[in-house]
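2 protein chains.
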Amino acid sequence: MPPRRLLAAALLMGLFTTAAQADEGMWMPGQLSDIAAPMRAAGFRGDVRTLADVTRPPLSAVVRAGGGTGAFVSGDGLLLTNHHVAYGVIQYNSRPERDIIEGGFIAAGRSDERPSNPDFRVLVTVGFDRVTDTVLEAARGLQGRAYFDAVDAASKRIVADCEQAGDVRCSVANMYYGTDFYRIRQLELRDVRLVYAPPRAIGNYGDEIDNFMWPRHTGDFTLLRAYVSPDGRPADYSPYNVPYAPPAHLQIARTGLHAGDFAMLAGYPGVTFRHRTADEFEAQVTRTLPQRVAVFDALIAAVEQAGQGDADVRTRYAAQLQSLKNNRKRAAGELEGLRRSDAVTQRREDERAMLAATPAATRGEIDALRTVLAEGDAMGERDLLLGLVASQTQLMRAALLLERLRLESARPDGERETGYQRRDHALIEGVLRQAQRRYAPAAEKALMTVLIGRYQQLPDAQRLPAFDAAFGRTPESLARALDTLYAGTRLGDEAERLSRFAAARDGRALADDPLIALAGPLVAAQLEIEHARKSRDGEQLRLRPAYMQALFAWRASQGRAVYPDANGTLRVSYGRVEALSPRDAVTYAPVTTVAGIVEKHTGQAPFDAPRPLLDAIARGDFTGTDEPSLGTQPVNFLTNLDTTGGNSGSPVLNARGELVGLNFDSNWESVSASWWFDPRLKRAIHVDMRYMRWLMAEVYPAPALLEEMGLPAR
Amino acid sequence: MPPRRLLAAALLMGLFTTAAQADEGMWMPGQLSDIAAPMRAAGFRGDVRTLADVTRPPLSAVVRAGGGTGAFVSGDGLLLTNHHVAYGVIQYNSRPERDIIEGGFIAAGRSDERPSNPDFRVLVTVGFDRVTDTVLEAARGLQGRAYFDAVDAASKRIVADCEQAGDVRCSVANMYYGTDFYRIRQLELRDVRLVYAPPRAIGNYGDEIDNFMWPRHTGDFTLLRAYVSPDGRPADYSPYNVPYAPPAHLQIARTGLHAGDFAMLAGYPGVTFRHRTADEFEAQVTRTLPQRVAVFDALIAAVEQAGQGDADVRTRYAAQLQSLKNNRKRAAGELEGLRRSDAVTQRREDERAMLAATPAATRGEIDALRTVLAEGDAMGERDLLLGLVASQTQLMRAALLLERLRLESARPDGERETGYQRRDHALIEGVLRQAQRRYAPAAEKALMTVLIGRYQQLPDAQRLPAFDAAFGRTPESLARALDTLYAGTRLGDEAERLSRFAAARDGRALADDPLIALAGPLVAAQLEIEHARKSRDGEQLRLRPAYMQALFAWRASQGRAVYPDANGTLRVSYGRVEALSPRDAVTYAPVTTVAGIVEKHTGQAPFDAPRPLLDAIARGDFTGTDEPSLGTQPVNFLTNLDTTGGNSGSPVLNARGELVGLNFDSNWESVSASWWFDPRLKRAIHVDMRYMRWLMAEVYPAPALLEEMGLPAR
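Going down the list, the sequences are from chains A and B.
Here the working numbering is used: the first residue of the first sequence is 1, the next is one more, and so on.
Here the working numbering is used: the first residue of the second sequence is 1001, the next is one more, and so on.
Below is the structure:
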């Protein structure tokens, strides 16, 4: 029985328990009518069938904005998203003589609205259609790399056909790991302007210190406006463009939510791994994450060691060191969370029960899938290390990039690997140019020593002849090789890199250099790895649907629907406002107030609340935007909504579909939620719309915008 | 009307409100019958008159132990106090081959109980008598230094007379700032032995990281036993000694407390400033604490700068740097707390109202007091800086110490200043010896540059001719003077210091040295300062009673009694178990559980819970020691009891007088409570006796001790 039908049967049998459903799930809009009963039981008061249609309100008001999500809040294209999602737009318009990052921005009128950086995009979804049969037609009967290529080619054809009509950007989304494919059609709005941004110390109050933290006191919102050509079509910036009339816009609620109240959220979550196999969970917890923590620790130590007593090296590697530390923190946090939730055991037990209920034929395919996954896992540490060689170095990366570009550029543009096509040249050039400011020979040799040193310790099966030939098998041979390479290379000179870039993008031979010479065999080895990976990916695309079918049946037997893992497509989550008790004896209320802004204020960034805000808090006039039960102004609130990266800027709606909040972060305990949703600990953090309204009414007034959003000036 | 009578009148008039009384107060036992009504209203179920008698149970079981408090818990002298109070005893008995700090200690029987370090004392209060008239008789009609000296001499006479009887140690305690004086008679038990100590990772779980923190998970307790000579008298350690039979011992409760339950605590709080004048509050917040923070910041920067690139200097100054940082943190925390509570405004408004209700004659004395306090305050920054010169340096301190010792030693021992008598010689020698390991010339010059540099900026009225002559008035003259002094001094050599020590303690002239030569005029200047301070102290002793009388009357009109500020004498506080909400949206429950031990466990000190503890938690057998409402083992709990330094080890009793907890810390927000008790934020942290019982039953068993305390083995 197909999953939808099994689910419908389960619904008819009244098997649903709201408790099992209310917390977890990033639902495709089209699924919502399947889960109407639990949604209503959780408190939803609207029409689920309307909600399930991406071309009707409220979902037609929800768009992709920059790297996150946004929502239209007026009929004239006014768009609400996070301050951090719109940060590039704000930065682009900031000038030494008028620093709008620090001071914030309120457009004096429509003519004062400021163009965004040219690459900022708003994507309005106008179509979402199932194309599974078309995508899989040519792949049936194939295996491995051939299966992968057939799916890839079919997807590219669908996109090309779809974009022929013009004005729309198309893509094919893979749902349930190869089970289903959808064609997504989106209007690409390119003229987006800055309308209202709070000062940095409101929009990013607390910055890195408060990042992932609750309780929170951040006004992380910004208003943009989308413009189109006078005939209503997407267009580059032009002073003659007119505000875009969106298919729908959200109405901001006059009241807020309380603990236990229904809430839902729509947005574009990036990637989750919830439906991965128990083997993959185990690999993540016992190998991948510990390996990542260990190698990041070693890289951090190497960079810090290289910077000791050398201020210039410290400056050049400051950003990379920060990024390594963030990556290390994320990996350690994810590991800690998965262990705390005992995710591997729980996933394993659930899978074991599922397999016991699965027909033998399907189990055979799942066994085949496990074999493929084990093959990939066996190469995991090598792929991690060689990936870091290509991302954490400057000259070595440049050499690999140039050699690969040279190879790809010998082929017609359409056949080149993504990332090496003509459209990618500017990005590659940028990487080659900036190497200049981020490189010191001793530091790069130290990083390479860590990465290749660890690579040398890998078992034979993971190692590659080209790398062994280049660096030998001992610390001494590695040190000699690096000394020779970095003493001889001229790639530290920007002109040397750029002249080779000019040759590489035309597919011409590259001028001689020790690193370039080495890149030849290394890139050839990387291509072998890439081929093996695509072959495994093809097998996974072919075999994972069996696992998903088993899961659909198992969940249906439990009365539960299955959402697809996040993949950057529009999803809806629902749940409720909920407190957090992350540790013994600690409870965090689900609503914060302006009192916390004053408590955190030190006068020093990132806790340097602006004087007008502190004065307004001291005045204490919160009429119309206060939370009556607290007798003061709410700032942020907390829900158990299911979110991940990409949900930044997602509108949070109440039971009647009104806009009550703006999602902008998660708590630290949620870092592991991309793999495992632990209802005790997974929370999402939102700006309370009443805080935005109060700021726009009382602190940095913008009465015309409030009126445009249909809100009272107070 | 005397305060006691005014209070009684207020009680008769039914003016007491329990809300106003329940939180704040370190009551003298004798006062308790005055506040019987609010105590009973708060939930006390015992007989207040019995409680008020220090010679009857339960207070006769409460003793001074080391630097804190302890309580007898068996008829055979078994004494319960904190692990950190008994730390010296544990350390004294630890050996490389048997590290009982790390591993803990359980005596195999009485003969295995280990003697404490010789200076560890247990003091049992056997008498507490008012001697006000005797103390003040000779002082009446005097002023200033003469008043001070008369009080000092009378007190010394009382002590000498009292100790003639032998076996008791006597002291005179000044209550209400010169209003009342009490003679305290205490048995001094000198043979105290270690009986039971948990491992360091239980007794000090979390160490500095968790210090001042709640939620907490520390088993900060240790059991000692007091011994006396076979004829029952205090004696030095001897194998022939026998367990001391205390006048009373506390019974450990079988059950625990819950939020809102009555609790009380007895102990020896060190010093508080609650009844200081509004001017003194203002000076503390606007001058003293900011000055302390600023000068500690400057000293920290100087030490860190001196240690840059010099590992030897960093080692020598590591302990001092840590201490400077702790002092800085404490001062900043106190300042932050007093500002947060708006203590100055509240104290000022209360005082203004009090003065309006005070007769003119008393107001005149209070005005005179304010003048004296202003004189002291005007010298505050100088006294801070010169005090730090004498405490934060090594060679300069040594020179000042030697010169002062030489001067004092010329007088009969009984007339020498406290700290320079024969009994103090060992301590002085210790200071002079250890200078060796804690000194580096560049660092000491940097510290002196900070302190004298700031001193040079003071207004003329605060400066002293001797210091100006020594260091000049400019940075250049200071640098020259320090260069000359430290280039020429031989005090960096231990033998040079000790030979001068031998001369100084005999009152002989000291061998020539630039620092010694300088110490002559500097000590003379210090003596002038000391004389001025004692004169002001005399005036305060004479005049503060007027302020206290005004306060007694004012509080009585509000239906409130007045406790004396803490002064190291036995006090009783009462209140209740209470949660803490220190910041917006944050609530900490008042009870922690073993789950938190596991959550905090990292395997690395200070969060390295011992394996037997983790195993026992995993087994989950908490029968008889669990908290039924939580279904697990409680560890620590939180009350609003009024405590300060010295209350470490105080027994916490329930409404029936049974022992339910052991006080060991406060929350960080309480750092400012020595000046201002903010009921929203002041909390005390206790070991739940059920945690101790569980550890002694299940984890590190000591069935004989449980039996001795009248407790079941489980």
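All C-beta atoms in this analysis are idealised placements derived from N, C-alpha and C, irrespective of residue type, glycine included.
Buried or exposed by the 16-neighbour rule on C-beta atoms within 10 Å, applied to Leu447/A: buried
Reference Ala1052/B, options Gln1031/B, Ala1065/B, Ala1071/B, closest by Cα: Gln1031/B
Report the neighbours of Val1295/B on chain A: residues whose CB is nearer than 8 angstroms to its CB, in chain order. Correct list: empty, because the minimum Cβ distance to chain A is about 21 angstroms.
Are the C-beta of Glu578/A and some C-beta of chain B separated by less than 8 angstroms? no
Helix, strand or coil at Ala556/A [DSSP, three-state]: helix
Out of curiosity, what's the CA-to-CA distance linking Pro441/A and Asp493/A? 12 angstroms
Kindly say whether Glu1415/B, judged by its beta-carbon, lies nearer than 8 angstroms to any beta-carbon of chain A. no
Comparing the C-beta of Asp584/A with each C-beta of chain B, is any distance below 8 angstroms? yes
Identify every residue that forms a DSSP beta bridge with Cys170/A. Arg185/A
With a threshold of 7 angstroms on Cβ separation, who are the neighbours of Arg1505/B within its own chain once the five nearest residues in sequence on each side are excluded? Leu1405, Ser1409, His1425
Hey, could you find the ends of the alpha helix (DSSP H) Val63/A is sitting in? Looking at the DSSP string, Val63/A is not in any alpha helix (DSSP H); the run it does join, the beta strand (DSSP E), is 62-65.
DSSP three-state label for Gly1624/B, please. coil
Buried or exposed for Gln526/A, please, with buried defined as at least 16 other CB atoms from any protein chain shown within 10 angstroms of its CB. buried
Can you tell me whether Ile209/A is buried or exposed, with buried defined as 16 or more other CB within 10 angstroms of its CB? exposed
Chain-ordered chain A contacts of Pro1215/B [CB-CB under 8 angstroms]: Arg583, Asp584, Ala585, Val586
Buried or exposed: which applies to Ala1301/B, given that a residue is buried once 16 or more other Cβ atoms fall within 10 Å of its Cβ? exposed
Own chain, CB closer than 7 angstroms to Met379/A, minus 5 neighbours either side, in chain order: Gln462
DSSP three-state call for Ser1670/B: helix, strand or coil? helix
By the DSSP assignment, the alpha helix (DSSP H) with Thr1371/B in it spans what residues? 1360-1378
Closest residue to Ala294/A among Ile100/A, Ala332/A, Leu681/A (Cα-Cα distance): Ala332/A
So which residues on chain A does Gly1596/B lean against when the C-beta distance must stay under 8 angstroms? Arg583, Asp584, Ala585
Backbone CA spacing between Gln291/A and Phe1622/B [nearest angstrom]: 38 angstroms
Could you tell me the distance, in whole angstroms, from the CA atom of Arg347/A to the CA atom of Ala61/A? 36 angstroms
If I'm right that Ala248/A touches Asn241/A with Cβ under 8 angstroms, what's the distance once you round it to whole angstroms? 21 angstroms between Cβ atoms; not a contact.
I believe Val1089/B touches Leu1080/B by the beta-carbon criterion, under 8 angstroms. Please report the beta-carbon distance rounded to the nearest angstrom. Their Cβ separation, rounded to whole angstroms, is 13 angstroms, which puts Val1089/B and Leu1080/B out of contact at 8 angstroms.
Return yes when the C-beta of Pro1058/B is under 7 angstroms from any heavy atom of the ligand PLP, and no when it is not. The ligand content of the structure shown is nil, which means the ligand PLP is not present either.
Check whether the Cβ atoms of Ile1101/B and Ser1111/B lie closer than 8 angstroms to each other. no
Cβ atoms of Phe1501/B and Glu1429/B: under 8 angstroms apart, would you say? yes
Which stretch, first to last residue, makes up the alpha helix (DSSP H) that contains His1686/B? Unbroken run through His1686/B is the beta strand (DSSP E), 1684-1688; no alpha helix (DSSP H).
Interface residues of chain A facing Thr1593/B [CB-CB closer than 8 angstroms]: Asp584, Ala585
Cutting at 8 angstroms between CB atoms, please list the residues of its own chain near Leu384/A, excluding the five before and the five after it. Thr288, Gln291, Arg292, Val295
Mapping the DSSP letters down to three states, classify Asp210/A as helix, strand or coil. helix
Rounded Cβ spacing between Arg1683/B and Ser1670/B (contact assumed at less than 8 angstroms): 6 angstroms
Between Glu1494/B and chain A, is there a C-beta pair that is closer than 8 angstroms? no
Partners in chain A for Glu1599/B, counting only beta-carbon separations shorter than 7 angstroms: Arg583, Asp584
Cα-Cα separation between Gly1267/B and Ala1524/B, rounded to whole angstroms: 40 angstroms
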